[in-house]
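I have placed the structure first, in the form of structure tokens, so that the comments after it can refer back to it.
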Amino acid sequence: MSDEEATEETFEESLKALEKIVRDLEGGGLPLDEAIKAYERAALYRDRCRKILDEADRRVQKLIEAADGARKEDFLTE
Amino acid sequence: MAETVTVRQLNERVRSLLSDSAAVRDVWVAGEISGLKKYPSGHYYFTLKDADSEIRAVMFSRYRPRLDFEPADSMMVSALGSAGIYVERGQYQFSVESMRRSGVGDLYLAFEALKRKLGAEGLFDAGRKRSLPPYPRVIGVVTSPAGAAIHDIITTSRRLFPADILLAPALVQGAGAAESIASGIALLNRHGVDAIIVGRGGGSMEDLWAFNEEAVARAIAASAAPVISAVGHETDFTIADMVADVRAPTPTGAAELALRDAGEIRRQLDSEASRAARALRSAADRARSRFAVLDSKLSPQRAAERAAMLSMRLDELSGRAASALEKALSSARSRLAVAESAAGARASPAEPARRELERFSERLEGVSPMSVLGRGYCFLTGPGGEAVSSARSLRPGSAIGIRMMDGSAEAEISEVRMDER
């Protein structure tokens, strides 16, 4: 899996993928080299989930009705 | 000459004039309550006023059970009663027998009618309720841009799972509010949000009225994104609450329902990560121990030990063979000596002895383990290199060595069968 593919996945998909890999690993049926690869993928998904969680700059915008439909504008409460 | 009457007589005359007049008897008067005093007797005294005028009013305790609300100052009411005079004080007043809140009666009827209608259409059915996405990326909010609700939602969301917030500004009370809220819901749906919070901070039933209107109910029901209602009112349910997929008591509560706690998710992630690491460690341990078993069998040290053991065994066997040969030779020699002395000087007196010696040599060939091996036999050695002579010492899985004429082999016992005796 390339990094590019990983960035397109949502948090939920990443978390689900992580859960599945952990279950597979815990099943104990994987040969060692595959277990190592699975662990590396698990670490990738975990880091990606953490990154999403740590994103500080979430946007707060408001929709403004305009002549050509609606557009978004930053919304500041302070 | 004008008649002279007492004060009391005058007041009595006015009272009877008033009480005979249908114009001021059993009339509804609309106005605002002010200066309300509730006496221990249970009577209520207050002033009813409107923009232009005012009148003292009294409601006696016996009429109070007719009220379905608790009167308070500033409340707009319609009061049913008659104008009269309180003779002892010559005070003109309105004696109230019943009272209802202005407008509320009509609103209540409209609420009940809409509730019945939408309920019959199935808009409140539990089966229609959708669950909220666990990790939404964009939360739409329909509320006033100036109200406390949007501020509470933004503040609360900071400690929750990160999501963008898209506000559709709306009027939340007054004329046009319902339509404004409904179009906000539709607008957010056109932009594609994961969930929508519709609401406002607390207020009186009248303030919240837009959330009891059909336009809002229809817009919520038609929303593609699941809707959380957050009409800040703990006790009463609005129609919007009933149609929404999830009801939150306040905008803060709505944000908490829409977005999961980030700390909780972090803990879950950490636990997944440590489970993965543990599983990998145990996979490595399993692989290592399987390898160790094989490795030990292949180690040069182990092979050298086995070779030394085998060569010691060979030495021992050949030693035994040599001494057996010695013994046979000396016995042959002594028997030859006896024969010579007995036979005296016969022709070729040594001939029989020589033949016997040859026979011994042949037998010795048979005693030598190596020559036996040459005939297709082999011998087994146990893990310590000792000869295995009894099937009793073997078990399935026992490791054995096989010594053949020109080399050796390692094998594992798959089955042991004892001879029957």
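Quick note, the sequences are listed as chains X and P, same order. Okay, so the first sequence: first residue is 115 according to our numbering, each after it adds one. Okay, so the second sequence: first residue is 1071 according to our numbering, each after it adds one. The beta-carbon is built from N, C-alpha and C at its ideal position, and this holds for glycine as well. All values reported here derive from a predicted model rather than from experimental measurement.
Determine, using beta carbons only, whether residue i comes closer than 7 Å to chain X.
{"i": "Gly1154 of chain P", "result": "no"}
{"i": "Glu1140 of chain P", "result": "no"}
{"i": "Arg1200 of chain P", "result": "no"}
{"i": "Glu1342 of chain P", "result": "yes"}
{"i": "Pro1321 of chain P", "result": "no"}
{"i": "Ala1248 of chain P", "result": "no"}
{"i": "Arg1345 of chain P", "result": "yes"}
{"i": "Val1486 of chain P", "result": "no"}
{"i": "Ala1353 of chain P", "result": "yes"}
{"i": "Ala1357 of chain P", "result": "yes"}
{"i": "Pro1239 of chain P", "result": "yes"}
{"i": "Tyr1447 of chain P", "result": "no"}
{"i": "Ala1349 of chain P", "result": "yes"}
{"i": "Ser1478 of chain P", "result": "no"}
{"i": "Ala1469 of chain P", "result": "no"}
Between residue i and chain P, is the shortest Cβ-Cβ distance under 7 Å, so that the two count as touching?
{"i": "Leu158 of chain X", "result": "no"}
{"i": "Lys165 of chain X", "result": "no"}
{"i": "Glu126 of chain X", "result": "yes"}
{"i": "Lys176 of chain X", "result": "yes"}
{"i": "Ala131 of chain X", "result": "no"}
{"i": "Asp117 of chain X", "result": "At Asp117 of chain X, the pLDDT of 45 sits below 50, so the modelled position is not reliable; the number obtained from the coordinates is stated separately. No, no contact with chain P."}
{"i": "Ala180 of chain X", "result": "no"}
{"i": "Glu140 of chain X", "result": "yes"}
{"i": "Arg173 of chain X", "result": "yes"}
{"i": "Glu154 of chain X", "result": "no"}
{"i": "Glu169 of chain X", "result": "yes"}
{"i": "Ala120 of chain X", "result": "With a pLDDT of 45 at Ala120 of chain X, under the threshold of 50, the modelled position of that residue is not reliable, and the figure given next carries that caveat. Cβ-Cβ to chain P under 7 Å: no for Ala120 of chain X."}
To the nearest angstrom, report how far apart residue i and residue j are at their CA atoms.
{"i": "Gln175 of chain X", "j": "Ala1180 of chain P", "result": "36 Å"}
{"i": "Gly183 of chain X", "j": "Ile166 of chain X", "result": "31 Å"}
{"i": "Arg1462 of chain P", "j": "Gln1371 of chain P", "result": "29 Å"}
{"i": "Met115 of chain X", "j": "Arg160 of chain X", "result": "Confidence at Met115 of chain X is low in this model, with a pLDDT of 44, below 50, so the placement of that residue should be treated as unreliable; the coordinate-derived value is given next. Near 15 Å, if we compare the C-alpha coordinates of Arg160 of chain X and Met115 of chain X."}
{"i": "Ala1354 of chain P", "j": "Arg1336 of chain P", "result": "27 Å"}
{"i": "Gly1323 of chain P", "j": "Ser1111 of chain P", "result": "44 Å"}
{"i": "Gly143 of chain X", "j": "Ala149 of chain X", "result": "9 Å"}
{"i": "Ala152 of chain X", "j": "Arg172 of chain X", "result": "31 Å"}
{"i": "Glu119 of chain X", "j": "Leu158 of chain X", "result": "Confidence is the limiting factor: at Glu119 of chain X the pLDDT is only 46, short of 50, which leaves the residue's position unreliable and the question unanswerable from this model."}
{"i": "Asp1365 of chain P", "j": "Ser1359 of chain P", "result": "10 Å"}
{"i": "Phe189 of chain X", "j": "Val1297 of chain P", "result": "22 Å"}
{"i": "Met1382 of chain P", "j": "Ala1457 of chain P", "result": "12 Å"}
{"i": "Arg1136 of chain P", "j": "Ile1155 of chain P", "result": "23 Å"}
{"i": "Ile1224 of chain P", "j": "Gln1161 of chain P", "result": "57 Å"}
{"i": "Glu1082 of chain P", "j": "Arg1132 of chain P", "result": "24 Å"}
{"i": "Leu1080 of chain P", "j": "Glu1073 of chain P", "result": "11 Å"}
{"i": "Phe1281 of chain P", "j": "Ile1309 of chain P", "result": "6 Å"}
{"i": "Glu1191 of chain P", "j": "Met1312 of chain P", "result": "13 Å"}
Less than 6 Å between C-beta atoms, sequence neighbours within five positions excluded: which residues of the same chain meet that for residue i?
{"i": "Gly1151 of chain P", "result": "Phe1164, Ser1165, Val1166 and Glu1167"}
{"i": "Ile1125 of chain P", "result": "Leu1118 and Phe1164"}
{"i": "Met1129 of chain P", "result": "Tyr1114 and Val1166"}
Compute the distance between the beta-carbons of residue i and residue j, then report whether it is under 7 Å.
{"i": "Ala1240 of chain P", "j": "Val1212 of chain P", "result": "yes"}
{"i": "Pro1321 of chain P", "j": "Gly1269 of chain P", "result": "yes"}
{"i": "Ala1346 of chain P", "j": "Ala156 of chain X", "result": "yes"}
{"i": "Ala1248 of chain P", "j": "Val1301 of chain P", "result": "no"}
{"i": "Leu1118 of chain P", "j": "Asp1143 of chain P", "result": "no"}
{"i": "Glu140 of chain X", "j": "Ala1343 of chain P", "result": "no"}
{"i": "Val1075 of chain P", "j": "Ala1153 of chain P", "result": "no"}
Output needed for residue i: all residues of its chain with C-beta closer than 7 Å, excluding positions within five of it in sequence on either side, in chain order.
{"i": "Ser1478 of chain P", "result": "Leu1380, Gly1471 and Ile1472"}
{"i": "Ser1293 of chain P", "result": "Ile1255, Asn1259 and Ile1266"}
{"i": "Leu177 of chain X", "result": "Ala184 and Lys186"}
{"i": "Gly1467 of chain P", "result": "Glu1482 and Ile1483"}
How far does the alpha helix (DSSP H) with residue i in it extend, from its first residue to its last?
{"i": "Arg125 of chain X", "result": "Just to set this straight, residue 125 of chain X is Phe in the shown sequence, not Arg. Here the alpha helix (DSSP H) through Phe125 of chain X covers Phe125 to Gly141."}
{"i": "Met1129 of chain P", "result": "Here Met1129 of chain P belongs to no alpha helix (DSSP H); instead the beta strand (DSSP E) covers Glu1124 to Met1129."}
{"i": "Val1363 of chain P", "result": "Ala1332 to Leu1368"}
{"i": "Leu107 of chain X", "result": "No statement about residue 107 of chain X is possible, as the shown extent of chain X runs from 115 to 192 and does not include it."}
{"i": "Asp1222 of chain P", "result": "Ala1218 to Ser1227"}
{"i": "Gly1323 of chain P", "result": "Pro1321 to Ala1328"}
{"i": "Arg1494 of chain P", "result": "The displayed coordinates of chain P run from 1071 to 1491. Any statement about residue 1494 of chain P would go beyond what the structure contains."}
Hey, quick one: how far does the beta strand (DSSP E) through residue i stretch, first residue to last?
{"i": "Ala1294 of chain P", "result": "Taken as a continuous stretch (DSSP letters only), Ala1294 of chain P belongs to no beta strand (DSSP E), as it is neither H nor E."}
{"i": "Glu179 of chain X", "result": "Val174 to Ala180"}
{"i": "Arg1132 of chain P", "result": "Premise fails: Arg1132 of chain P is in no beta strand (DSSP E) and is neither H nor E."}
{"i": "Ala1256 of chain P", "result": "Unbroken run through Ala1256 of chain P is the alpha helix (DSSP H), Ala1247 to His1261; no beta strand (DSSP E)."}
{"i": "Val1313 of chain P", "result": "Where Val1313 of chain P is concerned, there is no enclosing beta strand (DSSP E), although the alpha helix (DSSP H) it sits in stretches over Ile1309 to Val1313."}
{"i": "Phe1116 of chain P", "result": "Tyr1114 to Lys1119"}
{"i": "Lys186 of chain X", "result": "Gly183 to Asp188"}
{"i": "Asp1234 of chain P", "result": "Asp1234 to Pro1239"}
{"i": "Val1097 of chain P", "result": "Val1097 to Lys1108"}
{"i": "Val1503 of chain P", "result": "Given a span of 1071 to 1491 for chain P in the structure shown, any question on residue 1503 of chain P remains unanswerable."}
Could you name the residues of the same chain whose beta carbon sits closer than 8 Å to that of residue i, not counting the 5 residues immediately before and after it, in chain order?
{"i": "Leu1327 of chain P", "result": "Leu1202, Ile1298, Val1316 and Ala1318"}
{"i": "Met1488 of chain P", "result": "Ala1461 and Arg1462"}
{"i": "Glu1102 of chain P", "result": "Leu1118, Lys1119, Asp1120, Ser1144, Met1145, Met1146 and Val1147"}
| Members of the region 1219 to 1234 of chain P near chain A, C-beta cut-off 9 Å | The structure shown contains no chain A; the protein chains it does contain are X and P.
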